[in-house]
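Take a look at the structure below.
There are 2 protein chains.
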Amino acid sequence: MKIITISREFGSGGRELGKRLADLTGWDYYDKEIITAIADNKNLDEGYVSRMLENHGWKNVPLSFRNSFAAAAPSMQTVLLVEQKQVIEKIAREGKDFVIVGRNADVLLQEYHPFSIFVCADMETKVRRCVEYASENEKLSRKEMERKIRNIDKNRFHAREILTESKWGDREAYHLVVNTTDWDIKELTSAVKAYADCWFQRKY
Amino acid sequence: MKIITISREFGSGGRELGKRLADLTGWDYYDKEIITAIADNKNLDEGYVSRMLENHGWKNVPLSFRNSFAAAAPSMQTVLLVEQKQVIEKIAREGKDFVIVGRNADVLLQEYHPFSIFVCADMETKVRRCVEYASENEKLSRKEMERKIRNIDKNRFHAREILTESKWGDREAYHLVVNTTDWDIKELTSAVKAYADCWFQRKY
């Protein structure tokens, strides 16, 4: 079974790269689908699950949180994290190749030896992308957009720090760090697929 | 003209990757050749030039050095840096495709839009590699080898900080960050070449 995991800076195009990689390889694709599955399993609202587990859910969680997994009365966040872990492991146990975006899946799926990618871009590229994809009622200035990007990434850094021993965005924590600056994501997808093909075919 | 520049952590196999990329593409290869050319042009000893410009030459140079390029009486290090810049620019002006390792060539050759790679590996891989390649009279313990690796990389970080506006090893400063851990460099070379081919063929 082949797994590609994608971690990414907000606005870098990592999600699009993941989706296109899945299209190009014909593999399954998981991203928001995980949140839907957790919400279904726990009979909770998707928006609530997303808020608890994604970009803004980690702001006020102390680093000591990792230990609280062992606590007698687990918090809702812990319950959802355990459920997330189970959902992702269940997907892996199905044995089909897949691409998964976010959720520190590279660490959760370590035993399956996924090919792990981190996607970044320079700030200008990220702001341009975010402005392009912003909904009508989310008109932010360039400065505000930059602040939003930095905040979300700080949160992802913090969440990974709490949940894993591996550092978010650290070059040595991933197999490949891809910079989407000056690339069309579609063309980049072919490059990443070619690289990943060599990885999965290697004999070493 | 196509240029690939390689920056790398000491012991990561970046030089071998560069050499193999040049072999695989049939492009010219530059590394120590630059030092030889500078020594020839300036009628100096190669070992001396290497010591001044490479791993250990930057330990005691203050950050304010960048300004000293404009100083009335340039230091020998400045003279050699200017010569290095000229040697590298002369190579580029020849118009032939090439691979170049080290020397912050990605920044020096910015106007030629090189494809820039940073090569890293986990400490275990780097130590193993360094022990394997160590000469008979350089038997270091694991701890000593780790210290040596960290020192050389600290020096490279410092040199780039002095000479450029770009941060050594920063994921956003390069087009691709390649982790050689768990790869045979020969197999990795095919992966990097496939990725670089897509980069040079892109229409965007």
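Going down the list, the sequences are from chains Z and S.
When the first sequence is numbered by our numbering, its final residue is 464 and no position is left out of the sequence of numbers.
When the second sequence is numbered by our numbering, its final residue is 464 and no position is left out of the sequence of numbers.
We treat Cβ as the ideally placed atom computed from N, Cα and C, and that holds for glycine.
Since we're looking at a predicted model, the values are computed, not measured.
Helix, strand or coil at residue i [DSSP, three-state]
i	result
R431 (chain Z)	helix
R363 (chain S)	coil
R462 (chain S)	coil
F468 (chain Z)	Past the boundaries of the shown model lies residue 468 (chain Z); chain Z is included only from 261 to 464, so the question cannot be answered.
T424 (chain Z)	coil
D382 (chain S)	coil
L400 (chain Z)	coil
N411 (chain S)	helix
L313 (chain Z)	helix
L340 (chain S)	helix
N303 (chain S)	coil
F417 (chain Z)	helix
A297 (chain S)	helix
A394 (chain Z)	coil
Cutoff 7 Å: residue i Cβ touching any chain S Cβ
i	result
R388 (chain Z)	no
E432 (chain Z)	yes
A365 (chain Z)	no
A297 (chain Z)	no
S450 (chain Z)	yes
Y455 (chain Z)	yes
7 Å Cβ cutoff met for residue i and residue j
i	j	result
T440 (chain Z)	D366 (chain Z)	no
R402 (chain Z)	V379 (chain Z)	no
F465 (chain Z)	W459 (chain Z)	Nothing about residue 465 (chain Z) can be read from this structure; chain Z reaches only from 261 to 464.
D413 (chain S)	E269 (chain S)	yes
I295 (chain Z)	L369 (chain Z)	no
I422 (chain S)	V347 (chain S)	no
N364 (chain Z)	R420 (chain Z)	yes
M245 (chain Z)	Q337 (chain Z)	Outside the modelled stretch of chain Z, which goes from 261 to 464, sits residue 245 (chain Z), for which no answer is possible.
A456 (chain S)	Y455 (chain Z)	no
I409 (chain S)	G271 (chain S)	yes
D288 (chain Z)	K350 (chain Z)	no
CB contact check: residue i to chain C, cutoff 7 Å
i	result
D291 (chain S)	In the displayed structure, chain C is absent; the protein chains listed are Z and S.
Per-residue contacts from residue i into chain Z (C-beta, under 7 Å)
i	result
R462 (chain S)	W443, D444 and E447
Contact list for residue i against chain Z, beta-carbon separation under 8 Å
i	result
L436 (chain S)	L436, V437, V438 and N439
Residues that residue i contacts on chain S, provided the C-beta gap is smaller than 8 Å
i	result
W287 (chain Z)	In chain order: nothing, as chain S lies at least about 19 Å away.
Residue-chain proximity (residue i, chain Z), Cβ-Cβ < 7 Å
i	result
Y393 (chain S)	no
D382 (chain S)	yes
Y372 (chain S)	no
S267 (chain S)	no
Residues that residue i bridges to, as DSSP identifies them
i	result
S376 (chain S)	S:T265
D288 (chain Z)	Z:F358
V437 (chain Z)	Z:F378 and S:V437
Neighbouring residues, chain S, relative to residue i (Cβ below 7 Å)
i	result
G429 (chain Z)	R431
The ligand SAH heavy atom lying under 6 Å from the CB of residue i
i	result
A299 (chain Z)	Summarising the ligand content, the structure contains no ligands, and the ligand SAH is consequently not present.
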